[in-house]
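In what follows, a structure is listed as structure tokens, so that the remarks can point back to it.
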Amino acid sequence: MPSGENSRGPSSLLELAMDWDHPVYVAPAVVDDGRTRAGEVRRSLPLAQALAYIAKDDPRPLLVLRDCFRCSGTDDALMTKKADNEKTMLMSRWFHCVRLPPDVLENDHPFRSLFPGEKPAHLFVSQPDGSGRVDLMGDQSRTQLWDAMGSLLAQSYAQPAQKPLQELSRLLNKLDNIDDQIAKAQTALDKIIESDGPASRKFKKLHAELSHLRSQRNELRNEAVLVSRLELREGSTPAAPGGAREG
Amino acid sequence: MLCGLLTFAAAAQDSRAPRPEVDPYTQGKRKALDKAGYVSLGPFQVAAGHSTEQVVRDLGGEPLLWAETAHFKLGSSLDAIPLPDDPPLRKSLTAELERLGKRLPGLRKRPKEIDPWLRLHLYAQRLEELYARFCEVLGLRDEDFASGKGAGAGSLKEVGRGPYLGMYGKPVVLLFEKTAAMSRYSTLHLGGPQDLAYRHYYVEDDSFLYTTSMEQLVGSYANDGALHCAVAFGAVQNLVNGFRGHTHNAPIWLEMGLARWFIRQIDPRWQIYTSPAGEFARGEDEVEWEPKVRARVEHRYFPATADMLAWADRNALSFADHMVLWSRVDYLIRRDDARTMRELLWETMEPVPHDGAGTREEVAARQAQRAFREVTGMEPEAFDEAWAAWVLKSYSEK
């Protein structure tokens, strides 16, 4: 199990959850002599078309991972069981995270061009149009992964992500603390209801405390949303012209 | 909603390899399939427009196994799991395997692990046992419903359109190991991506789907026992919503109350869907609900039945709401061998025609309120008193 997540509370887990997009290519139906028939035979799309399909109108940089049956879980190329994965998870909020099925390596898969060659990368980050691409083979170190993600963030956003990341880490700790307090207050409140009933002074106090804690938690969640707001640069340019480099 | 969210694979296993093509337990032979109670191990139509083979292709080779039983269509890409360390889980699994072994000739008495095919067989058995229990408790029989022959979707009879408690098509259950596969399936066939456990009505087939992924269960809930309860919960919700043919959604209290009652019969430890997203699931020290409900009744602190009948947002229910709801259904089932509960189900799910007198859901809501009063013979306030008196008489203090 990747480290960190198991000790986090439910609010933190919500913040850490990666928002994966799982696009499935649906060939456009063909209209022939006024009749609609099934779409074209499955084929690999040109790279630009494949990128446009998966990027859609999301202007964020891409993080594209291909599922793999050889990996024990399909996140092994991105996560590690030993080191801290939280930074990866937090950084991912500024990416359009796309996950493709294992058969993407079949030559007729519509998205094959995203992973070219006989020994393709396991994941890559890039601009939506494919520029600034950095390939990763799945066995990269955390530093290599974060450098690759960091380079795309620097290209794509007007503000650096470093400070928001630090703030988010602090917020996760605060959220854990408050989740714990809420759980304890809720249990205590239930016990008071069951033993003394709602007329008890302790009930009123605990009820108010629980309400207050929930408000505080909502504020922290809202703060996380605000802290996460980075402005996309207009017409962000790649770090190096064309092609992909390995991270 | 489960406390569980998308998280990461629980253990490193080489578990995603293709499964043996032929079921090692029946060898796919007709005599063995009949003994096991299977119509088919695939291929078959999952729903209109897609077969089991199509789904496997759509999902890029997801290692799905299939089984069609008397009352369900089941797909599973669940990985192999070791036998549980938890003693109660191990005990219940042993009993299940013993029952299964009577119908599956190839099953060893003490398997070393639960391989993917065995997981499929177990879930097929669990679903059929749940269906049988649902019918037994509520006094329902297959022969009470339309034969389905020639009825076809779209022709509404008094008891529904078809033989599956009024539904024309068999309920479908799809269990994925990974959320990614579930999301791809739902993108292609359910109108959009779904990352959480989901129920869907296949209009053309007049059948309901429940789908989820193992990956959504986290922490202490990342086990097959919790998954069993999640699946049973969704399956009962679907049986209720499809009862007498699906013309409207069942009231929240009815579908969730019955689902909760049945899963607490399986294992009360897994308090599935009692905590909203972003809250801790309740622990094992809060599993005994009878004393907790009794205490609330003693202190007259519980949601009113009048409010319960009008619940509109299942995500807004508190833990106490779930407990009290379960208790009211428990009362309705236990007080008279479920005669009242059965009648409530029948009357509440009376098919609602399109006749212009308000939207179907508005008509259904009024119907549900009326059904409650007429069947119980009580206004909600009086029902509260009757239920409370029963709780004080029937539930222990500890």
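Heads up: the sequence lines are chains D and U, in that order.
Mapping of the first sequence onto the working numbering: position 80 corresponds to residue 1096, and the numbering continues sequentially without gaps.
Mapping of the second sequence onto the working numbering: position 340 corresponds to residue 343, and the numbering continues sequentially without gaps.
Ideal Cβ positions, reconstructed from N, Cα and C, are used throughout, including at glycine.
Taking only the alpha-carbon atoms, compute the straight-line gap between residue i and residue j and give it to the nearest angstrom.
i               : j               : result
V355 (chain U)  : F1219 (chain D) : 45 angstroms
L103 (chain U)  : Y188 (chain U)  : 30 angstroms
L1081 (chain D) : A253 (chain U)  : 40 angstroms
W390 (chain U)  : A1240 (chain D) : 45 angstroms
P108 (chain U)  : G228 (chain U)  : 25 angstroms
L1244 (chain D) : H1112 (chain D) : The sequence shown places Ser at residue 1244 (chain D), rather than the Leu named in the question. When rounded, the distance between both Cα atoms is 14 angstroms.
P46 (chain U)   : S79 (chain U)   : 13 angstroms
R202 (chain U)  : S321 (chain U)  : 22 angstroms
E116 (chain U)  : S1108 (chain D) : 36 angstroms
L312 (chain U)  : I275 (chain U)  : 21 angstroms
N226 (chain U)  : L81 (chain U)   : 12 angstroms
A1093 (chain D) : M1034 (chain D) : 14 angstroms
Y28 (chain U)   : F75 (chain U)   : 20 angstroms
E364 (chain U)  : L347 (chain U)  : 17 angstroms
R1115 (chain D) : P1039 (chain D) : 8 angstroms
E24 (chain U)   : L62 (chain U)   : 17 angstroms
Y1173 (chain D) : L1248 (chain D) : 4 angstroms
I336 (chain U)  : H1125 (chain D) : 54 angstroms
K112 (chain U)  : D89 (chain U)   : 19 angstroms
N244 (chain U)  : V327 (chain U)  : 21 angstroms
T215 (chain U)  : L1187 (chain D) : 31 angstroms
R267 (chain U)  : R1076 (chain D) : 45 angstroms
A1201 (chain D) : I1194 (chain D) : 10 angstroms
E1031 (chain D) : L1106 (chain D) : 8 angstroms
A307 (chain U)  : E384 (chain U)  : 7 angstroms
Starting from residue i, trace the alpha helix (DSSP H) in both directions and tell me its first and last residue.
i               : result
W256 (chain U)  : I255 to I269
A280 (chain U)  : No alpha helix (DSSP H) holds A280 (chain U); DSSP gives it neither H nor E.
A229 (chain U)  : D227 to N244
F375 (chain U)  : R363 to T379
F322 (chain U)  : F322 to R337
H1228 (chain D) : R1217 to V1243
L347 (chain U)  : R342 to T351
L33 (chain U)   : Per the sequence shown, residue 33 (chain U) should be read as Arg rather than Leu. R33 (chain U) -> alpha helix (DSSP H) spans R33 to A39.
W393 (chain U)  : P383 to S397
A183 (chain U)  : T182 to H192
A298 (chain U)  : W292 to E301
E1056 (chain D) : Per DSSP, E1056 (chain D) belongs to no alpha helix (DSSP H) and is neither H nor E.
D310 (chain U)  : T308 to L312
D61 (chain U)   : T55 to D61
My guess is that residue i and residue j are in contact by the Cβ rule of under 8 angstroms, so how many angstroms apart are they, rounded?
i               : j               : result
Y398 (chain U)  : E289 (chain U)  : Their Cβ separation, rounded to whole angstroms, is 15 angstroms, which puts Y398 (chain U) and E289 (chain U) out of contact at 8 angstroms.
W1110 (chain D) : L1169 (chain D) : 6 angstroms
L395 (chain U)  : R297 (chain U)  : 7 angstroms
D1074 (chain D) : P1144 (chain D) : 7 angstroms
L177 (chain U)  : L220 (chain U)  : Wrong, their Cβ atoms sit about 16 angstroms apart, outside the cutoff.
E350 (chain U)  : A374 (chain U)  : 4 angstroms
G361 (chain U)  : G248 (chain U)  : Between G248 (chain U) and G361 (chain U) the Cβ distance is about 20 angstroms, and since that is not below 8 angstroms, they are no contact.
A3 (chain U)    : W1036 (chain D) : In this structure chain U extends from 4 to 401, so residue 3 (chain U) is not present and cannot be described.
Is it right to say residue i is buried, meaning 16 or more other beta carbons lie within 10 angstroms of its own, or is it exposed?
i               : result
S1267 (chain D) : Outside the shown range of chain D (1017 to 1263) lies residue 1267 (chain D), about which nothing can therefore be said.
G153 (chain U)  : Only weak support is given to the placement of G153 (chain U): the predicted model assigns it a pLDDT of 43, under 50, and the value that follows is read from those uncertain coordinates. That one is exposed.
A1045 (chain D) : exposed
Q1268 (chain D) : Past the boundaries of the shown model lies residue 1268 (chain D); chain D is included only from 1017 to 1263, so the question cannot be answered.
E287 (chain U)  : exposed
V59 (chain U)   : buried
E282 (chain U)  : buried
V300 (chain U)  : buried
R303 (chain U)  : exposed
R164 (chain U)  : buried
R19 (chain U)   : buried
G155 (chain U)  : Only weak support is given to the placement of G155 (chain U): the predicted model assigns it a pLDDT of 48, under 50, and the value that follows is read from those uncertain coordinates. G155 (chain U) comes out exposed.
V1042 (chain D) : exposed
A1177 (chain D) : buried
V1120 (chain D) : buried
Along the chain, where does the beta strand (DSSP E) that runs through residue i open and close?
i               : result
K76 (chain U)   : K76 to S79
S210 (chain U)  : S210 to S216
F179 (chain U)  : V175 to F179
A50 (chain U)   : Q48 to A50
W205 (chain U)  : Looking at the sequence itself, residue 205 (chain U) is Tyr, so the reference to Trp does not match. Y201 to Y205 is the extent of the beta strand (DSSP E) around Y205 (chain U).
L1078 (chain D) : L1078 to R1082
L1029 (chain D) : Premise fails: L1029 (chain D) lies in the alpha helix (DSSP H), P1026 to L1032, not in any beta strand (DSSP E).
A1045 (chain D) : Per DSSP, A1045 (chain D) belongs to no beta strand (DSSP E) and is neither H nor E.
E71 (chain U)   : L68 to T72
Review point. Along the chain, which unbroken stretches of the beta strand (DSSP E) at least 3 residues long are found entirely within the stretch 1106-1138 of chain D?
Key: Given a length threshold of 3 residues, each whole run of the beta strand (DSSP E) inside the stretch 1106-1138 of chain D is given here in chain order: 1112-1116.
Practice item. Could you pull out every unbroken alpha helix (DSSP H) segment of at least 4 residues lying fully inside the stretch 95-153 of chain U, listed in chain order? Key: 119-141
Check your understanding: Of all the residues that make up the stretch 1220-1252 of chain D, which are near chain C by a beta-carbon distance shorter than 9 angstroms?
Key -> The structure shown contains no chain C; its protein chains are D and U.
**Study point:** Completely contained beta strand (DSSP E) runs for the stretch 1131-1214 of chain D, where each covers 3 or more residues
**Key:** 1139-1142 and 1150-1152
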